[in-house]
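Protein sequence lines correspond, in order, to chains U, R, V and A.
Counting from 44, one number per residue, gives the positions in the first sequence under this note's numbering.
Counting from 44, one number per residue, gives the positions in the second sequence under this note's numbering.
Counting from 667, one number per residue, gives the positions in the third sequence under this note's numbering.
Counting from 667, one number per residue, gives the positions in the fourth sequence under this note's numbering.
Have a look at the structure below, then the notes.
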Amino acid sequence: MTQQPSQDQALQEYLLRLADSALILGQRLCELCGKAPAVEEEMALMNVALDLVGQARNWYDYAAELEGGQRDADALAYRRDAHEFRNLLLVEQPNGDYAVTMARQFFYDAWHYFTLQALVNAPDERVAGIAAKALKEVTYHLRRSSEWMKRLGDGTEESHQRMEVAVESLWRFTGEMLTADAVEQHLATAGLAPDAEQLAADWQGLVNSVLTEATLSLPPADAWMQQGGKTGRHTEHLGFILAEMQFLQRAYPDAKIW
Amino acid sequence: MTQQPSQDQALQEYLLRLADSALILGQRLCELCGKAPAVEEEMALMNVALDLVGQARNWYDYAAELEGGQRDADALAYRRDAHEFRNLLLVEQPNGDYAVTMARQFFYDAWHYFTLQALVNAPDERVAGIAAKALKEVTYHLRRSSEWMKRLGDGTEESHQRMEVAVESLWRFTGEMLTADAVEQHLATAGLAPDAEQLAADWQGLVNSVLTEATLSLPPADAWMQQGGKTGRHTEHLGFILAEMQFLQRAYPDAKIW
Amino acid sequence: MSPEERAFQEKVDAEIKIEPKNWMPEAYRKTLIRQISQHAHSEVVGMLPEGNWVTRAPTLKRKLQLMAKIQDEAGHGLYLYSAMETLGADRDEEIQKLHEGKAKYSSIFNYPTLNWADMGTVGWLVDGAAIVNQVVLQRTSYGPYSRAMIRICKEESFHQRQGYQILLDLMREGTAEQKAMVQDSINRFWWPSLMMFGPSDEHSPNSQQSMAWKIKRKSNDELRQMFIDQTVPQLEFLGCTAPDPDLKWNAERGHYDFGEIDWNEFYEVLKGNGPCNRERIATRKKAIDEGTWVRQAARAYAVKQQQKQQNAA
Amino acid sequence: MSPEERAFQEKVDAEIKIEPKNWMPEAYRKTLIRQISQHAHSEVVGMLPEGNWVTRAPTLKRKLQLMAKIQDEAGHGLYLYSAMETLGADRDEEIQKLHEGKAKYSSIFNYPTLNWADMGTVGWLVDGAAIVNQVVLQRTSYGPYSRAMIRICKEESFHQRQGYQILLDLMREGTAEQKAMVQDSINRFWWPSLMMFGPSDEHSPNSQQSMAWKIKRKSNDELRQMFIDQTVPQLEFLGCTAPDPDLKWNAERGHYDFGEIDWNEFYEVLKGNGPCNRERIATRKKAIDEGTWVRQAARAYAVKQQQKQQNAA
């Protein structure tokens, strides 16, 4: 029984990681509003972003409950500074060109998909429920971003070149997703987080097969990986994202409703 | 004597206009840190920005005193939202390429120079003093930006073309500087703001001569002019500038020192 | 009138929808292409003033609502471009015209969104004005356009209620600063919304023929009056005012009287001198220009896939 | 040793400065060009982590201080490039090498600045470490470099005190959140600052010759120890801790003992795998590349003006 609170804390922390990553990627996609390469993409990007922010809200709601209700989902999203955010470094990277946007999405979607697949079976009904709903959405996200990897990788010479650059430049942010720290190891044994080895194998398998089909080079397996997002040590980008996203809540702290 | 408070209010409003324009242009120049076309330009841009933010602080200090001291200069700079800002629309426009950066600077410097030249003789010692100090700095700013107008206008074909585009695209924001509203008219009669007609004539004279020397086209005299900055109706850019600039003061409202 | 023309007009008069394969006068086709493409462009350009706040939406709920609204607008753009294509027009060409300043879009989107309450006001007033237009267009004579309108109107009405709710919440439970945002927003959007119905009837050139073809079904001034009559009670319910000292109920007419629109501003915005005309077009042009390589890649990939399938067969 | 070489070495030994026109060994020239260009690049790249916060400085006073500091750094870059040019090197070529990853700059700038307190810590620890190096370099054998160092050191000391004052103010009068920023900042910058002195002496290849030429005057480990000894009391005065459990006063040695540096991290950052290597170089390269047309225009204009003057004469 003495383990119980510590597992709750670990779960709370883990829920914030899931929520923050979804929110920040959703936010990055919001930045693209009106700037996508086609109207169809406007719709699809906003659709994906909408799913992600919705999922973030569900995870925040549960995290807030576990915390004891001092803060609600909006407080978690809008009143924490960068060092308190637990999102993956990958999702805070700038949109770049559409190759970067899509490579970032694909690497994340693949991780997200296998993560949710594990969480669907979590012994915590709430986690399993949110994951099940999210998994349906993310299955589509992954299909879509995989398709774009192939279209751009195996499209024209220019698109191939751009996608090679995108994959190479984002690769260093993928290691963090596949390495479990103590929090995640602890939860994995309780079935509340995916088994790290399995997740890494699944992710690498899928990524290898999609990159290969997309005629793209596979970055070296021993590439140096950046770490830090999950423990609040971010890149310089996150501060600017939050300054914009949180402005109204920060500037009008007395507002009770919006 | 019943006029006195109204003149103080007008002066307060006018000081905010001077301060906000200097601050926001300084902020835009800060965004260029590390991104200028040469190290010499890094130094010069930061130097100009430093002068402008310093001048803004002086004007804010005085405006805060006239207000009665409820707010200090930092509160004026960091705790007002966009609709309370009184800067010219010109200075909040994005940096664009270096032609845009320099055309924006030149149009502003020319206005700034003639404005300060008038304020040096203001019957208010404080205003005259701040203006005198600023005028020395702005004399250099104007010389520098005039030089760049000529270098880029009469440099290469590419630079000429870019400068033509820059001048044309920013022209619509220059009318606001040269049109006095009731506040400025009221102050002008008391010698606390430049005479609008004189200012417009001086500005147009200088701008015409520099553009001509720079082999650049003069935009039509009857071009449509955007208005609103001086009364708080801005372009969509200002909100983003403030979200970034004010983040720390907004996010840590309890901080007494920084 | 040729026999074909007569037959066409008889169908229109009998409220039978014209379908893509039916014969239609060339001028009817052109007018429709112009009108539907303008409408499609408006949906897409209309995403920009909202995109301006979607990254700054103040709560998760409002952010999700705004994102859903923007997604709907992209969807409307797509339906409308499809309806336009049934008339033989090319989407890329029409978009090209937009970027060259040769095609129009609703002028309202040349006004900036300057505070959060604008997300309410745009929903309430701008979508509200659009709906007044569009409700009538549900009965327009061209089938695909009429059907697109029916679907779009339903979603727009939802957006309009949501927009009004934003304002109502702020006015009822907001701080003084928030209430001031709402009034400021209404002050800025009131007149531009009235301008959305176009010039007054005496200055509206194409209206007569469009009425006969039932592309247009009510005059600009009629629609404007309808909008004002339905909007003023909502404005009063909010506890806000309009920036129009002449606005008042006229019991004799059974309508609200209102002040003279600043037609000078209207025509300046139309000419490209609105606060955001340049920015809106520049943003859209940049998106499509910078997306060229993406669309090319997608086409190249599709061709390769097709070839592979053919080779396999 | 040739007679020239002997004469050169005798001057160096006698602490007589070598000046640009004096004969010098080719290896001395090359080593100096490499060292001074690295130093110049470091000043310029070093503006970026501060540029990251200059738009967000929390008060006008701090903003002005930071702007002045950045301006000084650009100035330092310029002096140093000038000193380097006296050795026959070309600034553009050396900058090109930087952008191609062939020239180095201080690795410390590959760490991100993540909170406002970093603007204090960078001044205190990073400039502090730089000064320890530079104070010694004021007596370096090459005249122009030595003189540049004297001027730079003076300004750097000012920056360092200002940086420390930021931290002191936050620790004395700040909120709990602000104090946490300071400690977090020190935790992140402590080890990278110690790494600024380079590899330990046993792994430092070029040191011996540089010592003989008096380009270098103390070993990496000596300098590192000096820095630690002066910094720990300041750290304690702040009321903060270092992320090093082995850090403690050794009365016998009369120095602070400290833990083993993570040389793996050091070499990874050197190889380009630091948190910001790519971003820093990409930013600089973009600035110079996108500035090409500006510099070309300035040159073209200068030529035209010269011609005009000649024609007039």
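Backbone N, C-alpha and C define an ideal beta-carbon position, used for all residues, glycine too.
- Query: Under the three-state reduction of DSSP, which class applies to I684 of chain A: helix, strand or coil?
  - Reply: Note: I684 of chain A maps to strand in three-state DSSP.
- Buried versus exposed call for W999 of chain A [16 or more other C-beta atoms within 10 Å across all chains shown]: Within the shown structure, residues of chain A are numbered from 667 to 979, placing residue 999 of chain A beyond reach of any answer.
- Message: Would you say T45 of chain U lies against chain V (beta-carbon separation less than 9 Å)?
- Response: Confidence is the limiting factor: at T45 of chain U the pLDDT is only 41, short of 50, which leaves the residue's position unreliable and the question unanswerable from this model.
- Task: Could you tell me whether the Cβ of D117 of chain R comes closer than 9 Å to any Cβ of chain A?
- Result: The beta-carbon of D117 of chain R is placed less than 9 Å from the nearest beta-carbon of chain A.
- Task: Starting from the C-beta of E709 of chain A, find all residues in its chain whose C-beta is less than 6 Å away, skip the five residues before and the five after it, and write them out in chain order.
- Result: Once the five neighbours on either side are set aside, the close Cβ partners of E709 of chain A are E739, H742 and G743.
- Could you confirm whether any beta carbon from chain V is found closer than 9 Å to the beta carbon of P48 of chain R? At P48 of chain R the pLDDT is 49, less than 50, meaning the model places this residue with poor confidence; the figure from the coordinates comes in the next sentence. Chain V, which has no Cβ nearer than 9 Å to the Cβ of P48 of chain R, makes this no.
- Task: Could you tell me which residues DSSP puts in a beta bridge with N916 of chain V?
- Result: N916 of chain V is bridged by DSSP to V:H921.
- To which residues of the same chain is Y103 of chain R closer than 7 Å at the C-beta, ignoring the five residues directly before and after it? Hits under 7 Å: A62, A116, L119 and A120.
- Residues of chain R with CB under 9 Å from P781 of chain V, in chain order? At residue 781 of chain V the sequence reads Asn, which differs from the Pro that was named. Going along chain R in sequence order, the residues near N781 of chain V (Cβ under 9 Å) are D124, A125, H126 and G282.
- Query: Which chain U residues are close to Y967 of chain V, counting only those with a beta carbon under 7 Å from its beta carbon?
  - Reply: By Cβ distance, chain U contributes K193, R194, D197 and G198.
- Go ahead and pull the three-state DSSP assignment for A53 of chain R. Here A53 of chain R sits in helix by DSSP.
- Query: Beta-carbon separation of L72 of chain R and T144 of chain R under 9 Å?
  - Reply: A contact, by the Cβ cut-off of 9 Å.
- Task: Say whether chain U places a C-beta atom closer than 9 Å to the C-beta of L66 of chain R.
- Result: No, because no Cβ of chain U sits closer than 9 Å to the Cβ of L66 of chain R.
- Through-space distance from L746 of chain V to N930 of chain V, alpha-carbon basis: Distance from the CA atom of N930 of chain V to the CA atom of L746 of chain V, rounded to whole angstroms, is 31 Å.
- Query: Going by the C-beta, is L54 of chain U closer than 8 Å to any heavy atom of the ligand MN?
  - Reply: Only the bare structure without any ligand can be found here, which leaves the ligand MN out of the picture.
- Message: I want to verify the contact list: residues of chain R whose CB lies under 7 Å from the CB of G995 of chain A, in sequence order.
- Response: Past the boundaries of the shown model lies residue 995 of chain A; chain A is included only from 667 to 979, so the question cannot be answered.
- Task: Reducing DSSP to helix, strand and coil, say where Q47 of chain U ends up.
- Result: Confidence at Q47 of chain U is low in this model, with a pLDDT of 45, below 50, so the placement of that residue is unreliable and no value is reported for it.
- Message: Rounded to whole angstroms, what is the Cα-Cα separation between K845 of chain A and T907 of chain A?
- Response: Their Cα atoms are separated by approximately 12 Å.
- Task: Let me know if I682 of chain A comes out buried or exposed under the rule of 16 or more other beta-carbons within 10 Å of its beta-carbon.
- Result: Counting every other CB atom within 10 Å of its CB across the protein chains shown gives I682 of chain A a total below 16, marking it as exposed.
- Message: Under 9 Å, Cβ to Cβ, is there at least one residue of chain U near A294 of chain R?
- Response: For A294 of chain R, the answer is yes, since a Cβ of chain U falls inside 9 Å of its Cβ.
- In three-state terms, what does DSSP make of Y808 of chain A? DSSP places Y808 of chain A in the strand class (E or B) of the three-state scheme.
- Task: Note down the Cα distance separating R114 of chain U from A107 of chain U, rounded to an integer number of angstroms.
- Result: A107 of chain U has its alpha-carbon roughly 6 Å from the corresponding atom of R114 of chain U.
- Message: Please list, in chain order, the residues of the segment 831-851 of chain V that have any C-beta partner in chain R closer than 9 Å.
- Response: Against chain R - using a Cβ distance shorter than 9 Å - the residues of the segment 831-851 of chain V are E843, A846, M847 and D850.
- Same chain only: Cβ atoms within 7 Å of P941 of chain V, ignoring 5 sequence neighbours per side: Result list for P941 of chain V: N776, Y777 and P778, in chain order.
- Message: Here's a check: name, in chain order, each residue in its chain whose Cβ is nearer than 6 Å to the Cβ of F863 of chain V, leaving out the five neighbours to either side.
- Response: The residues are N886, L889 and R890.
- How many angstroms separate the CA atom of A842 of chain A from the CA atom of D928 of chain A? Between A842 of chain A and D928 of chain A, the C-alpha separation is close to 30 Å.
- In chain order, which continuous runs of the alpha helix (DSSP H) of length 4 or greater are located wholly inside the segment 842-901 of chain V? Within the segment 842-901 of chain V, the complete alpha helix (DSSP H) runs of at least 4 residues are 842-861 and 873-878.
- Where H225 of chain R falls, given that 16 or more other Cβ within 10 Å makes a residue buried: For the record, residue 225 of chain R in the displayed sequence is Ala; it is not His. Counting Cβ neighbours within 10 Å, A225 of chain R comes out exposed, since fewer than 16 surround it.
- Query: Would you say the segment 287-298 of chain R touches the segment 722-729 of chain A, given that touching needs at least three Cβ pairs under 8 Å?
  - Reply: Verdict: yes, contact present.
- Straight-line Cα distance separating L75 of chain U from A81 of chain U: Whole-angstrom Cα-Cα distance: 11 Å.
- Message: For I67 of chain R, tell me which candidate among R:Y151, R:A146 and R:S49 has the shortest Cα-Cα distance.
- Response: The option with the nearest alpha carbon to I67 of chain R is R:Y151.
- Task: Report the three-state DSSP secondary structure of A236 of chain R (helix, strand or coil).
- Result: Coil, per DSSP.
- For D679 of chain V, is the classification buried or exposed, using 16 other Cβ atoms within 10 angstroms of its Cβ as the cut-off for buried? By the 10 Å Cβ count, D679 of chain V comes out exposed.
- Nearest to A693 of chain V by alpha carbon, out of V:F903, V:W879 and V:Q973? Of the candidates V:F903, V:W879 and V:Q973, V:W879 places its Cα closest to the Cα of A693 of chain V.
- Cβ neighbours of P237 of chain U in the same chain (closer than 6 Å, five flanking residues each side left out): Only T158 and A161 meet the Cβ criterion.
- Message: If contact is defined by three or more beta carbon pairs under 8 Å, each pair taking one atom from either stretch, is the segment 268-287 of chain U in contact with the segment 269-289 of chain R?
- Response: They touch, by the three-pair rule.
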